[in-house]
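Reading the sequence shown from the start, the letters are residues 1 to 650 in my numbering. Quick reminder that beta carbons are idealized off the backbone N, C-alpha and C, glycines included. Have a look at the structure below, then the notes.
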Amino acid sequence: MSEDKKNQPKKIKINAFWIYGAISLILLAFILNTEAPKSNEYSLTKFKELVRNQNDIKNIEIVPNMHLANIYLTDEAQKKEAYKKFQPKKNFSFSAKQPNFSVKFLDIQNFENFLDSELKEGKTFEYSSKPQDTTFYDILGSILPFVLIIGVWIFIMKRMSGGAGGGPGGQMFNIGKSKAKLFDEKGEIKVTFKDVAGLEGAKEEVEEIVDFLKNPDKYTALGGKIPKGALLVGLPGTGKTLLAKAVAGEAKVPFFSLSGSDFVEMFVGVGASRVRDLFKKAKEKSPSIIFIDEIDAIGKARGKNAMSGSNDERENTLNQLLTEMDGFGSKHNVIVLAATNRADVLDKALLRAGRFDRQIYVDLPDVRERKEIFEVHLRPLKLKVGLDVEFLAKQTPGFSGADIANICNEAALIAARNNKKEIEKQDFLDAVDRVIGGLEKKNKIITLSEKKAIAFHEAGHATVSWMLEHASPLVKVTIVPRGNSLGAAWYLPEERMIVRPEQMLDEMCATMGGRAAEKVIFNQISTGALSDLEKATKQARGMVTFYGLSEKLGNVTYYDSSGQENYGFSKPYSEKTAELIDSEISDIIEKQYTRAIDILESHKDKLTTLAELLLEKEVIFKDDLENIFGKRPFVKEMPVSKKEDKKEEE
Ligand code: ADP
Ligand code: ZN
């Protein structure tokens, strides 16, 4: 800063000089204020673990517009060795207290739900939500917004005149600089394909990219163009980041990693200049890889939600990204990998040839892949000999790689807590339960009659799903209360996609089986079926309005793949159709409810046996069900691969 002052020409008008100086100071303070916590960022998964396992947090300050939460530790925790590196940074910010670290999240609702559920668990932190850091406002008073607006305005003007190189403002405050993390040869992170378990198809596809990076000449010699981008599509935690890192590790090239939301800031024009900066850096280090996580944060289809002006900034950022991708020629071997869990909401311009024209699907792992992932994450653990990894894989349907990594770690913690010398099967089972359902509620008071109702409810689900050909096979039933649920029946649904109406209806019937059992046994129903009803209703609505599976409505869908599902004020159907939809949904559900009741009436004895067993053992597995019902009369469908399912679906 002082450098800059010295460089000011002497004859500059004193007024302008002071205004400039003041604005610079304010901006600097602001940036220090908002940027400083970010340097101590914690991953969301780790944060959740921390909240679950420790009670070290005093206060959480959510900054919704930045998808960020500032975390303040308790005074005792501040002293702990483990948090040494999270001591607040000393800086010249006006803010009185600094958070220890911050966490980024995608969806505030999910985040708050998580906090709420932890509070219910008996954690003692507080959280609050404010759009900006108020301490900053406290000090500078209410004039600040105005000053800021003017400051930002001047700042933008400077940037605009400063051009692509970034004006003095940009260099001074670093705000236009990308926040990409760079991992290069010197970096400590060395991931190769060996660390990525399963994902054979995806690995094969990225293999080619590795080859491009290693031997570009081989491809360009024949006049071919090196691809510029590939999109990794898959649910969170399936290993997209890991895969991208492995590509960089295999090709031995620098790897720039950042998240789509890092581009988006309150200032206009910042996103675009960050993109510019990122590409500039990547080109300097070429060949290199840029990895943009959560690209949907900037890449959502443009021109939607025309009502809110905030989209302009995102659009600018997206446009800049497109320009950069088109801009670099074949002499720059920069490959952009991006990750998303919804390719369908992305702007079509992003997916055009020469941009992200390759889509690589990263699916949830199947049994075999889960076993491999377990093996990767079990490697560093001290295990009891003869641990059945296959059993663990079978017990974790629908789990992502990240979940499995989490389970392995959790199991080690559980074993340590019980002062064990090695980790055994039971620790893993406890970890699984914990990862899905949250902590066991040891002290939750449940009366005997409530417990009985829960047992019959869960037994109802289990019985109905056992009797129906297309319902998902059951893995486990429990009446141990966890998190928000009083009991649960786990199925194996993720191994196949539901495509036929019979399957959907059977599924729904099993979902209604809980309430049906309460009705059959006690002749009364309860509020315990709320989430079941929600699930069934959503499914029925999907059948009617999305998949064209309702007789009365026929082959229409009101689904909009361009991401505009949120109809807002205007529904794409008439009032009359709306009524029809409602009555169809209710018909479908009622039919399945009655069907579940019929099934349970005719198997009342087995239902009772099962419920009693549940009351006694609290947790039962598939084998116990087989003892009661005999072998399931239906041949279990072989899990079909996801790719085929997708085709059928389209
Ligand atoms: P995504 O980017 O898809 O959200 P990540 O790549 O960040 O997921 O995965 C998070 C963690 O989960 C990884 O660091 C790794 O420990 C674990 N993981 C996920 N998938 C795999 C896999 N296929 N093999 C091994 N570990 C995995
Ligand atoms: Zn239920």
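(request) For my contact list, Val-275 and Glu-324 are in at a C-beta cut-off of 8 Å; report their separation, rounded to the angstrom. (result) On the sequence shown, residue 275 is found 275 positions in, with the first residue counted as 1. On the sequence shown, residue 324 is found 324 positions in, with the first residue counted as 1. Indeed they touch by this definition, with Cβ atoms about 6 Å apart.
(message) Using CA atoms only, rank isn't needed, just tell me which of Ser-257, Thr-511 and Asn-409 is closest to Gln-539.
(response) The residue you call residue 539 lines up with position 539 of the sequence shown. That would be Thr-511, whose Cα lies nearest to the Cα of Gln-539.
(request) Could I get the ranges of all uninterrupted beta strand (DSSP E) runs contained in the stretch 216-297, with 3 residues as the minimum, in chain order? (result) 229-233, 255-259 and 288-293
(message) Which residue wins for smallest C-alpha separation from Gly-667, given the options Lys-452, Ile-226 and Val-389?
(response) The question about residue 667 has no answer, for the chain in this structure spans 1 to 650.
(message) Let me check understanding here. Comparing Cα to Cα, which of Leu-346, Arg-368 and Arg-370 lies closest to Gln-359?
(response) Numbered from its first residue, the sequence shown carries residue 359 at position 359. When each option's Cα is compared against that of Gln-359, the closest is Leu-346.
(message) Using 8 Å as the cut-off, can you tell me whether the stretch 448-460 makes contact with the stretch 516-535, which would need three or more C-beta pairs spanning the two stretches below that distance?
(response) yes
(request) Check whether the Cβ atoms of Lys-549 and Ile-581 sit closer than 8 Å, and answer yes or no. (result) Position 549 of the sequence shown holds residue 549. Position 581 of the sequence shown holds residue 581. A small correction: the amino acid at residue 549 is Leu; Lys does not occupy that position in the sequence shown. No, the Cβ-Cβ distance between Leu-549 and Ile-581 is not below 8 Å.
(message) For the structure I just gave you, are there three or more beta carbon pairs, one from the stretch 49-64 and one from the stretch 117-131, closer than 8 Å?
(response) yes
(message) Is Ala-246 near ligand 1 - that is, is its Cβ less than 7 Å away from at least one heavy atom of it?
(response) Here residue 246 corresponds to residue number 246 of the sequence shown, with the count starting at 1. No; taking the cut-off as 7 Å, the Cβ of Ala-246 has no heavy atom of ligand 1 nearer than that.
(request) Please list, in chain order, all residues of the same chain as Lys-190 whose beta carbon is under 7 Å from its beta carbon, the five residues on each side excluded. (result) Within the sequence shown, numbered from 1, the residue matching residue 190 stands at position 190. Cβ-Cβ distances below 7 Å link Lys-190 to Gly-249 in the same chain, with the five nearest sequence neighbours on each side left out; the list follows chain order.
(message) Give the list of continuous alpha helix (DSSP H) stretches no shorter than 4 residues that lie fully inside the stretch 495-528.
(response) 501-522
(request) Take Glu-644 and list the residues in its own chain whose beta-carbon comes closer than 6 Å to its own, dropping the five residues that flank it on each side. (result) Within the sequence shown, numbered from 1, the residue matching residue 644 stands at position 644. In this predicted model, Glu-644 has a pLDDT of only 27, less than 50, meaning its place in the structure is not dependable; the value taken from the coordinates is given anyway. Closer than 6 Å at the Cβ level, and outside the excluded window around Glu-644, lies no residue.
(request) Throw me the rounded Cβ distance for the Leu-213 and Ala-251 pair, which I believe falls under 8 Å. (result) In the sequence shown, residue 213 corresponds to position 213, counting from 1. In the sequence shown, residue 251 corresponds to position 251, counting from 1. Yes, they are in contact, since the Cβ atoms of Leu-213 and Ala-251 sit about 4 Å apart, within 8 Å.
(message) For ligand 1, is there any heavy atom lying closer than 7 Å to the beta carbon of Ile-373?
(response) Counting from one through the sequence shown, the residue named residue 373 turns up at place 373. Checking every heavy atom of ligand 1 against the Cβ of Ile-373, one is found closer than 7 Å.
(request) With a threshold of 7 Å, establish whether the CB of Asp-532 neighbours any heavy atom of ligand 2. (result) For the purposes of this step, residue 532 is taken as the residue at position 532 of the sequence shown. Under cutoff, so the answer is yes.
(request) Specify whether the stretch 463-470 and the stretch 600-611 touch according to this definition: at least 3 beta carbon pairs, one from each stretch, less than 8 Å apart. (result) yes
(message) By the DSSP assignment, the beta strand (DSSP E) with Val-206 in it spans what residues?
(response) As a working note, residue 206 is residue 206 in the sequence shown. Val-206 -> not in any beta strand (DSSP E); alpha helix (DSSP H) instead, spanning 200-214.
(message) Taking the beta carbon of Ile-404 as the centre, do at least 16 other beta carbons fall within 10 Å, making it buried, or is it exposed?
(response) In the sequence shown, counting from the first residue as 1, residue 404 sits at position 404. Counting Cβ neighbours within 10 Å, Ile-404 comes out buried, since at least 16 surround it.
(request) Could you give the DSSP three-state label for Lys-451: helix, strand or coil? (result) If you number the sequence shown from 1, residue 451 lands on position 451. The answer is helix: DSSP assigns Lys-451 an H, G or I state.
(message) Determine whether the beta carbon atoms of Ile-295 and Ala-230 lie at a separation below 8 Å.
(response) Looking up residue 295 in the sequence shown gives position 295. Looking up residue 230 in the sequence shown gives position 230. No, they are not a contact pair.
(request) Check whether the Cβ atoms of Gly-271 and Phe-263 sit closer than 8 Å, and answer yes or no. (result) The sequence position of residue 271 within the sequence shown is 271, counting from 1. The sequence position of residue 263 within the sequence shown is 263, counting from 1. Cβ atoms of Gly-271 and Phe-263: closer than 8 Å.
(message) Rounded to whole angstroms, what is the Cα-Cα separation between Lys-394 and Gly-260?
(response) Stepping through the sequence shown from its first residue, residue 394 is reached at position 394. Stepping through the sequence shown from its first residue, residue 260 is reached at position 260. Computed Cα separation, rounded: 35 Å.
(request) List the DSSP bridge partners of Val-367. (result) For this step, residue 367 is matched to residue 367 along the sequence shown. Val-367 is not bridged to any residue.
(request) Just tell me which of Glu-534, Asp-293 and Tyr-593 has its CA closest to the CA of Leu-235. (result) Translated into positions along the sequence shown, residue 235 becomes position 235. Residue Asp-293 is the option with its Cα nearest to Leu-235.
(request) Could you tell me whether the Cβ atoms of Val-206 and Leu-243 are closer together than 8 Å? (result) The residue given as residue 206 occupies position 206 in the sequence shown. The residue given as residue 243 occupies position 243 in the sequence shown. Yes; because the gap between Cβ atoms is below 8 Å, this pair is in contact.
(request) Output the boundary residues of the beta strand (DSSP E) element that contains Thr-340. (result) For this step, residue 340 is matched to residue 340 along the sequence shown. Note, Thr-340: beta strand (DSSP E), 334-340.
(message) Between which residues of its own chain and Pro-99 is the CB-CB distance below 6 Å, once the five residues before and five after are set aside?
(response) Locating residue 99 in the sequence shown gives position 99, where the first residue counts as 1. Non-local C-beta neighbours of Pro-99 in its own chain, meaning closer than 6 Å and more than five positions away in sequence, comprise Pro-37, Asn-70, Ile-71 and Tyr-72, ordered along the chain.
(message) Quick check: the Cα distance between Pro-168 and Lys-283, rounded to an integer number of angstroms?
(response) Locating residue 168 in the sequence shown gives position 168, counting from the first residue. Locating residue 283 in the sequence shown gives position 283, counting from the first residue. In this predicted model, Pro-168 has a pLDDT of only 37, less than 50, meaning its place in the structure is not dependable; the value taken from the coordinates is given anyway. Roughly 22 Å between the two C-alpha positions.
(request) Check whether the Cβ of Ala-516 lies closer than 7 Å to any heavy atom of ligand 1, and answer yes or no. (result) Looking up residue 516 in the sequence shown gives position 516. No, Cβ of Ala-516 sits at least 7 Å from all heavy atoms of ligand 1.
(message) Nearest by alpha-carbon distance to Leu-505: which of Leu-106, Leu-468 and Lys-281 is it?
(response) In the sequence shown, counting from the first residue as 1, residue 505 sits at position 505. That would be Leu-468, whose Cα lies nearest to the Cα of Leu-505.
(message) Please classify Ile-479 as buried or exposed, where buried requires at least 16 other C-beta atoms within 10 Å of its C-beta.
(response) Here residue 479 is taken as the residue at index 479 of the sequence shown, counted from 1. The Cβ neighbour count for Ile-479, taken over all protein chains shown within 10 Å, is at least 16; the residue is labelled buried.
(message) I'd like to confirm something about Leu-115: is its beta-carbon nearer than 7 Å to some heavy atom of ligand 1, or not?
(response) Working through the sequence shown from its first residue, we reach residue 115 at position 115. When distances are taken from the beta-carbon of Leu-115 to the heavy atoms of ligand 1, even the shortest one reaches 7 Å or more.
(request) Would you kindly check if the distance between the Cβ of Tyr-558 and the Cβ of Tyr-573 is under 8 Å? (result) One-based indexing of the sequence shown puts residue 573 at position 573. One-based indexing of the sequence shown puts residue 558 at position 558. Inclusion of Tyr-573 and Tyr-558 in the CB contact set at 8 Å is warranted, their separation being smaller than that value.
(request) Can you say whether Asn-110 is buried or exposed, counting buried as having 16 or more other CB atoms within 10 angstroms of its CB? (result) Within the sequence shown, residue 110 is the residue found at index 110, counting from 1. With a 10 Å radius around the Cβ and a threshold of 16 neighbouring Cβ atoms, Asn-110 comes out exposed.
(message) Taking the alpha-carbon of Lys-451 as reference, which of Gly-201, Gly-237, Asp-605 and Glu-616 has the nearest alpha-carbon?
(response) Translated into the one-based positions of the sequence shown, residue 451 becomes position 451. Checked all of Gly-201, Gly-237, Asp-605 and Glu-616; the closest Cα to Lys-451 is Glu-616.
(request) With a threshold of 16 other CB atoms inside 10 Å of the CB of Lys-130, please say whether the residue is buried or exposed. (result) Residue mapping note: residue 130 aligns to position 130 of the sequence shown, counting from 1. Result: exposed.
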